[in-house]
Every structure is written in structure tokens, then in C-alpha cells.
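> My structure is below; once you've seen it, I'll send some questions.
In mature numbering (1 follows the signal peptide of the UniProt record, and there is no 0), the protein residues as written are -26 to -1, 1 to 884.
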């Protein structure tokens, strides 16, 4: 069976490959990234860009100007243009170019919540002991789908004049004029060049202006900074007063996301303008698909790097993939947010004929007046559909005669809300009067079904099906949705929230923190559903909660750096729910760990008094880049200064981060951290450690004595393997004083073998290697960006064209810490559960940012996971031979990627 599916997959990929070879000569949009802004005049930068473009257009200035889309010249340097693959390759070789990558599309990651987190009040959102009135001088930028400025959440009543530092503008457009901006929404821009260059020009684009046609941007902005609304509700549900986290803060809108998504070139233009406009914080509820590519081939990583370098905090969502290792927005210079529940649900009662009552999640306001027969959807199979297929209520799979007038029990195996609504529509069109949807993964996400419906988990679904199968005439009735407060336990980590570990740099824990993202009520666009407010779920909703908290910190501590604000949020978070028990993860209810919630669930009542902060500055991020393989030449291209790698870290774990992750502990390892006193001038902190299982942790010194505000003290954390265990182990370090608790997660994985220096990395299966950059796909159907060509590393395309066998792509990014070029140690091996199968030629040369390819004979290893989400090593990939496509003199420069595959394999160097 496996061989048949492999054949089908390979033929499909081969057909796509052949089709795309002929397409490669046509142009498409590329980002040309050239690092930090130089001192050049902006007009000169534009002229330089046109000159570069003209050189690949046969000297034609007209063609150069016609191909040009954007110039980035405020926060960083670069441009976007329509280029052929060959032209992109030529520009990638030019002096000063850091990277050239295609215009990829990013996806949106898509209030009682503030009461739940402990912030009471209407407009003031005051925290005891502090005044947050200065929030009127804090400007939040939202890179999203725009805004509906007439919403009461964005009223400027009683707000003072716009802050003097503001340098942005109110860009006019369709249904958006100068009066659309006010003292609350102080600026608005929109970006569509990247979208229009990629999408079918015949498609209708709603509102060519900053006006929000989808609702997502209005929703996220009001969560973070919406004004108090006395009676916010969703069709009567969740009625009551609601507001954002910083209701008096200012909003600047950067509309980059349209109907189908958000394109890189538009995102970079928004970051570039926002940095120049004077925003303090950027909220970005969107991101790439997992696995994420190299930092400087990713628009959000690039934009946030330059924003952080200029004192702008970037808050981003971790993603909605829900699986282990699927976290995105991985850069250490941004704060990445996971999603959790609150103590409020929206539920409908399912009453069976035997009077048994179940409660399922729903936003449906439709109600069954009388009971009706309830059947499994598999009993209503139609046409060529099997009962099993019909049990999922697929389109056209239900027999109207069998379904009419009945409640159908359907199964669900997808993650999108739209697909759940579609199932209820299928039931409705077949004549059904109600639906019970069994969905274990996202059973807590409330859906506005068009008929009486409710979502239940697997166990509840099993009981309902058992009633149906053991009752002669099973009956049921489904009520309209209602608001249920006090649901326990809360918070829980949402099943859809993407999890760690960090697939790009395992030494940096992601997500950083979690916040409410399940069933959040906030402002909406009447253009999408004719309503002012809506309830949504996603890490898109958790992200602006942290944005709001960060705004309050900025209001009270305006001089704090982005990393100090991040530290305050992370080190004061809690890993306990409201009942004082460890937070758990939906849907299975296992105990959560740092890969689920980062440092924990945000506690806004403590963030203004963190006691100590782990601060970091641009020079620290440069040292971090050196530690993961960037040499000084690459670093200079990014920073445009005289930075060196002389002060680099021995490992990325050494970055002064508020969490500590050691992904490959070999016997013993030490990490140094520096804390800055932002609490009482004279204070004493003592170290309290909870050891990760099998690891002994000691801290030197055990006590920190501060004599002044702003004083910095270094300490060392020593890790030693005591009892090797499989997978990651979790603990924490808390610095405790009379007034504060400063807690950092400890995440450690002992090396799987005591022999030599082993670094484990994840690999990806690709069915063949395309000779053209950015046209490869792995077996799971995920697009693989193979980066850009660089002058000194270019490999002739012809040598790659005939590789049509399955390959294993292994990024060697973190294997070498001190030198870009290093001989591949011999022997190299792939470890399986039983034997060593591979030896590498000792003469092969590797660069630390390049990949190596291994031929496969077996493609579908079985894997499992323990309760903590660690992979089991049941079977690994069997590798027959290894073929290096690299040589010491000429090889293909590839991005540093950690790529997703059917099941990860461990590739190790001894």
C-alpha cells in the first residue's frame, strides 16, 4: 500500500515539476533584502534600486521601473520587483544583497478575557499601585486586514490630541477619507502591490483602502486597544461591557492582508513605514506555514529584526497548526504568543430521549422546538459514498430521504471553522433539522452553525452513538446556544495553538507566553456579516492580548527596551490555572509544558513589577546570529555596521533570554544570564530551582544582592545529566525576593549518545530536487523554500537536473558554532532503532548554513509521542547511500531550514 501511494505521489510531483520547468522563464515577484538602512538619501536609494534592476533588464531603465513594486528605505534597505528566476539569481550575486526570496503568502492566525486575566474597570484599566494614564502616548501599529473606523471600539471621545512624535498619515482610498482617522485611529495605510502581482487580476478586491472588509483587523485592534463599549454582544450572547487591554492607546493601521492572505513584499513595506511613522509596538496576528525558513528569508523576521533594533516591540502569533514543532514566528527579537481558553464557554444542550443531557460548544442561535429522530450520518449514505465517508457529512454524501427531519451525528477531521459550518450546511440541504459534530481536536471552538448544532468530543460522541445503537427509536433535541461562565479548569491551552520546540533554533523556546485566544468577543466589520461584533478563536486573538499588556508596561515604563518588556511578561506568567492546578492542554487534557505555553499564562496584574528583567540589545542579537552560523561578511550585510563575531556566544543558548533551553546536553553545560534590577533599589533574591527530570541544576551564586535600581548582576546556571531520559524534560528557575518572583522555564534534552559531540537535527523528505530555487515540495505537500543563489556559492543548475530520486534534506545550520566552513566529521551516521547504516566520505566539505542530501529507500517511519509530546524512537529512516551535492570550491547555497516531513528523523554527527 505504501509503495502504491509513493508511486502516485511521485508521479504527481513529477508532473508538477515538468509543468513548472516551462514556467520558470516567466517573471514573478521577489524581495531583494539588503540589510539595515544606510545613510543614503531615500531618493538615492530608489535610483540605486532602478540601476540594479536595469542591469538585469539589458540596461533598460523603462523596464526596470516597470518591474519595480516597492523600495524599502526607512527601517531597512531593499526593494521588491518582478523578476525571472535568472534575473533573481543575478541580483543575488550583486554586492550588498543579503537574500533574494519569492513573494510568499502568509496566513492570518485566526471581552471578558481582560476580566478573566484580572484587569477590572472600564476605561482606565488601572493596575493597583500604578497609573497607566500615559497609554494615550503609546502608539500601536496593527499589520492586518485594516479597520472599521466607525466601530464604537474606535471612538475618540475625550481623547487628547495626537502625540507629537507621530509621523504617519491617513491614506485615502475607497470608502475611506480624512475623517475616517481620528484621535484614536491616528493613521492608516494600505499595501496591495504584492497581492495584485500574485493574484488573478479579475478577482474583486474589497475596499482598496485601509477599510476592513473581513473583520479580522478590527477584531485584533479592539482586543488590544478598543474603547469601552457598554453593551458588546454577539447576537445576544456574552452581553455586557467590554474593552481592550489599553483602551486609551492610539491605533495605527497597516492593511497588508486581503481575501487570500498577506504577501511578503506588502508586509515588508508596512514594517518599513511603521518604523518611520513612530509606532512603539507592532501587533502581527499572522505568520508563515510551518516549518519556517531562515530568519532573513522571512518577511516578519526581517521586519521585526529592524523594528527591535529601533526600539519597537513586535508581538506575533505562534500559529494555529496545533502540532508539536509547528510553532512559527521563531525569532528571539519578537515575542511569540500561544492561545488558551477562558472560564467562559458558549454551549448548546443536547437532550436525548432518555433525558440524558450533554453540553456541546456552539454559537448557533437556532433551536429545535420539539425532539426529532437522531441517527449516525453513516446511516444516510448516498450514491457512491460509503457509510464511512458519509459519516463525515461530505458534500453530496447524504441521502435526503434518510436524513430529512432528523438530527445527524457527523464526524470531523479538519481544523478550519469553515469546514464545520459547511458540514452543517450539508445536513441542512439534505433536510436534516440538527447536527451533533464529533470533533476531538477543536471541540471547544464555538461555531455559528446555520441549524441547531453542537460540537462534542470523542468520549461524549461515543456515548451519544451508543444511545443511538442501543435504542429502538432514539430521539434528541438541541437548544440554542447560551453563555456559560465559570467553566473549569481554566485556562487550558487550546488544541489549535502551535507548539514547540523551535524548529529553526532549538535553543530559543517558542512560544514565549500564552494568552486568551478561544471564543473571543471583539469588534467586527459590518461588511462581513452585517454585525458590529463577532466571536473568533485563534492565536490571532491571543497575540493582541499580549500587545495590550505590553502597551500598559510601555505606558508605565516608557524607557524600557522591547526585550525588557518581553521579560516582564514572561517571568511573571503562571503555569497554574485559576484553581491552582497545573495548566492542561486540549483536547486530551494532558499536563502542559513549556512547548505548549512558553513561560506560562500571562498575568497582567504582576507585569508592572517584575523585580528583575533579562535585557538584550541589538548587539546581543548580532552575537546570536554569529552563534548560529552567520559569519562577519553575512552579518555586515544585515547590520550595515562594523559588527564582528569576536564576542559571539558559544551557543545560541547563551542569548540573555528569559527562558533557558539546552536541546542537546552532553554530560554537563553552563549558561550565563544577566538580570537588571527594576524593583526596589536594595533587595535580595534567592534562587529556587525545580530540576528537569534526570538533570541536576545548580546556580552560582545562589543569592543576588542589589544596592541600586538598574544594577546588573550575572549568574551561571549549570546543567548536568544525572539519569539520562528520552526526550525533553522541563523545570524552572525562580529568583525570589520579599516582593517579587522572577521565573524562567528550564527546557533540557540529554544527548541520545554519550559518544562524542552529537547535534541532532530534523530532516525532510522531498521526492526529487528541482534545479530551480523555491520549487520543491516535501511528501506532506509542504512548499520548501531552498533559498537564494549567492555569488560565491553558486552551483551550476545542470548538475542538479537529473536527481529524480527521493532525497532526505538535512539542514546543518547549528552544527558548527565558530566557522562557516568546516570539514564534515567522519564517520557521519543516521541512527536508527537498531543499527548504524551510513558512513560519509571524510573529504566532503560543508558550510554551516548548507544542507546535505541523503537518498532514501524507506519513507514512512512510524512515530509516537509520550504525554509530554516527546517523540518516540520506534523506527527511523533507513538510508542506503549518501550523496553530497557540495564541494569545497563550488556548491549551492541553501537557506538554513528545518523542514517538515512525514515523521522526523534524527541525523547525528559523531
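We treat Cβ as the ideally placed atom computed from N, Cα and C, and that holds for glycine. Quick caveat, the model's predicted, so the values are computed rather than measured.
Do the CB positions of residue 186 and residue 501 come within less than 9 Å of each other?
The residue you call residue 186 lines up with position 212 of the chain shown. The residue you call residue 501 lines up with position 527 of the chain shown. Yes, the pair counts as a contact, with Cβ atoms nearer than the cut-off.
> What's the gap between the Cα of residue 352 and the Cα of residue 55?
Translated into the one-based positions of the chain shown, residue 352 becomes position 378. Translated into the one-based positions of the chain shown, residue 55 becomes position 81. If I take the Cα positions, the gap works out to 52 Å.
> Specify whether the segment 367 to 386 and the segment 394 to 406 touch according to this definition: at least 3 beta carbon pairs, one from each stretch, less than 8 Å apart.
Verdict: yes, contact present.
> Give me the Cα-Cα distance between residue 657 and residue 630, rounded to the nearest whole angstrom.
Residue mapping note: residue 657 aligns to position 683 of the chain shown, counting from 1. Residue mapping note: residue 630 aligns to position 656 of the chain shown, counting from 1. Those two C-alpha atoms are separated by around 22 Å.
> Count the other C-beta atoms from every protein chain shown that fall within 10 angstroms of the C-beta of residue 210, then say buried if there are 16 or more, exposed otherwise.
On the chain shown, position 236 is the one that residue 210 refers to. Exposed: under 16 other Cβ atoms inside 10 Å.
> In angstroms, rounded to a whole number, what distance separates the CA positions of residue 754 and residue 264?
The sequence position of residue 754 within the chain shown is 780, counting from 1. The sequence position of residue 264 within the chain shown is 290, counting from 1. Confidence is the limiting factor: at residue 754 the pLDDT is only 39, short of 50, which leaves the residue's position unreliable and the question unanswerable from this model.
> DSSP has residue 677 in a bridge; who is on the other side?
Your numbering for residue 677 matches position 703 in the chain shown. Answer is 660.
> Using the beta-carbon count (16 or more within 10 Å), is residue 362 buried or exposed?
In the chain shown, the residue the question calls residue 362 occupies position 388. Result: exposed.
> Take residue 75 as the anchor and find which of 6, 143, 429, 170 has the nearest alpha-carbon.
Indexing the chain shown from 1 puts residue 75 at position 101. Checking every option, the nearest Cα to that of residue 75 belongs to 6.
> Sorted by chain position, which residues of the same chain lie with C-beta nearer than 6 Å to residue 246's C-beta, five sequence neighbours on each side aside?
As a first step, residue 246 is located in the chain shown; it is residue number 272 there, counting from the start. These residues qualify, in order along the chain: 46, 48, 49.
> If we cut at 9 Å on Cβ distances, does residue 602 have a partner in chain B?
Note that chain B does not occur in the displayed structure, where there is just one protein chain.
> Any idea what DSSP makes of residue 693, helix, strand or coil?
Numbered from its first residue, the chain shown carries residue 693 at position 719. Strand at residue 693.
> Can you tell which of 555, 508, 273 has its C-alpha closest to the C-alpha of residue 495?
Locating residue 495 in the chain shown gives position 521, where the first residue counts as 1. Measuring from the Cα of residue 495, the nearest candidate turns out to be 508.
> Quick one, are the C-beta atoms of residue 645 and residue 587 less than 9 Å apart?
Looking up residue 645 in the chain shown gives position 671. Looking up residue 587 in the chain shown gives position 613. Contact flag unset, no.
> Pick helix, strand or coil for residue 111, following the three-state DSSP scheme.
Working through the chain shown from its first residue, we reach residue 111 at position 137. DSSP places residue 111 in helix when its eight states are reduced to three.
> Going by alpha carbons, who is nearest to residue 271 out of 542, 566, 4, 628?
The sequence position of residue 271 within the chain shown is 297, counting from 1. Nearest C-alpha to residue 271: 4.
> Starting from the Cα of residue 336, find the closest Cα among 260, 465, 458 and give me that residue.
Residue numbering aside, residue 336 sits at position 362 when the chain shown is read from its first letter. Nearest of 260, 465, 458 to residue 336, Cα basis: 458.
> Does the segment 105 to 115 come into contact with the segment 521 to 535, if we say contact requires no fewer than three beta-carbon pairs (one atom in each stretch) closer than 8 Å?
The segment 105 to 115, when compared against the segment 521 to 535, does touch it at the 8 Å Cβ threshold.
> Have a look at residue 697 and residue 670 and give me their C-alpha separation to the nearest angstrom.
For the purposes of this step, residue 697 is taken as residue 723 along the chain shown, with counting starting at 1. For the purposes of this step, residue 670 is taken as residue 696 along the chain shown, with counting starting at 1. Straight-line Cα distance between these residues: approximately 9 Å.
> Tell me, please, which residues DSSP counts as bridged to residue 290.
Indexing the chain shown from 1 puts residue 290 at position 316. Residue 290 is bridged to 258, 310.
> In whole angstroms, what is the alpha-carbon distance linking residue 478 and residue 632?
The sequence position of residue 478 within the chain shown is 504, counting from 1. The sequence position of residue 632 within the chain shown is 658, counting from 1. Using only the alpha carbons, I get a separation of about 18 Å.
> For the beta strand (DSSP E) holding residue 723, just list the boundary residues, first then last.
Working through the chain shown from its first residue, we reach residue 723 at position 749. Segment 715 to 724, the beta strand (DSSP E) holding residue 723.
> Below 8 Å on the Cβ atoms is my guess for residue 198 versus residue 490; work out the distance and round it to an integer in Å.
Here residue 198 refers to the residue found at position 224 of the chain shown. Here residue 490 refers to the residue found at position 516 of the chain shown. Rounded, the Cβ-Cβ distance is 12 Å, inconsistent with contact.
> Should residue 73 and residue 613 be called a contact, given that it needs their Cβ atoms to be closer than 9 Å?
Residue mapping note: residue 73 aligns to position 99 of the chain shown, counting from 1. Residue mapping note: residue 613 aligns to position 639 of the chain shown, counting from 1. It is not a contact, given that the beta carbons lie outside the stated cut-off.
> Here's the rule I'm using: 16 or more other beta-carbon atoms within 10 Å means buried, otherwise exposed. How should residue 201 be labelled?
Mapped onto the chain shown, residue 201 falls at position 227. Buried.
> Secondary structure at residue 152, three-state DSSP: helix, strand or coil?
Here residue 152 refers to the residue found at position 178 of the chain shown. Here residue 152 sits in helix by DSSP.
> Report the three-state DSSP secondary structure of residue 206 (helix, strand or coil).
The count along the chain shown starts at 1 and reaches residue 206 at position 232. In the structure shown, residue 206 sits in a strand (DSSP, three-state: E or B).
> Smallest Cα separation from residue 143: which of 275, 131, 161, 342?
Mapped onto the chain shown, residue 143 falls at position 169. Ranking 275, 131, 161, 342 by Cα distance to residue 143 puts 161 first.
> From residue 559 to residue 635, what distance separates their C-alpha atoms?
What you label residue 559 is simply residue 585 of the chain shown in a count that begins at 1. What you label residue 635 is simply residue 661 of the chain shown in a count that begins at 1. So the alpha carbons of these two residues sit roughly 21 Å apart.
> Below 9 Å between beta carbons: does that hold for residue 514 and residue 591?
Here the question's residue 514 lines up with position 540 in the chain shown. Here the question's residue 591 lines up with position 617 in the chain shown. The answer is no: Cβ separation not under 9 Å.
> Between residue 541 and residue 647, what straight-line distance do the alpha-carbon atoms span, to the nearest angstrom?
Residue 541 sits at position 567 when you count from the first residue of the chain shown. Residue 647 sits at position 673 when you count from the first residue of the chain shown. Rounded to whole angstroms, residue 541 to residue 647 spans 13 Å at the Cα level.
> Ends of the beta strand (DSSP E) at residue 284?
Position 310 of the chain shown, counted from the start, is the residue given in the question as residue 284. Looking at the DSSP string, residue 284 is not in any beta strand (DSSP E), and its letter there is neither H nor E.
> Quick one: give me the first and last residue of the alpha helix (DSSP H) that residue 410 is part of.
For this step, residue 410 is matched to residue 436 along the chain shown. Here residue 410 belongs to no alpha helix (DSSP H); instead the beta strand (DSSP E) covers 408 to 412.
> Pull up the DSSP beta-bridge partners for residue 121, would you.
Here residue 121 refers to the residue found at position 147 when the chain shown is read from its first residue. DSSP, once it has assigned bridges, lists 185 as partnering residue 121.
> Expressed to the nearest angstrom, what Euclidean distance is found between the alpha-carbon atoms of residue 608 and residue 503?
Along the chain shown, read from residue 1 onward, the residue named residue 608 stands at position 634. Along the chain shown, read from residue 1 onward, the residue named residue 503 stands at position 529. For residue 608 and residue 503, the distance between alpha carbons rounds to 49 Å.
> With the cut-off set at 9 Å, would you say residue 584 and residue 652 are in Cβ contact?
Walking along the chain shown from the start, residue 584 turns up at place 610. Walking along the chain shown from the start, residue 652 turns up at place 678. Taking 9 Å as the Cβ cut-off, residue 584 and residue 652 qualify as a contacting pair.
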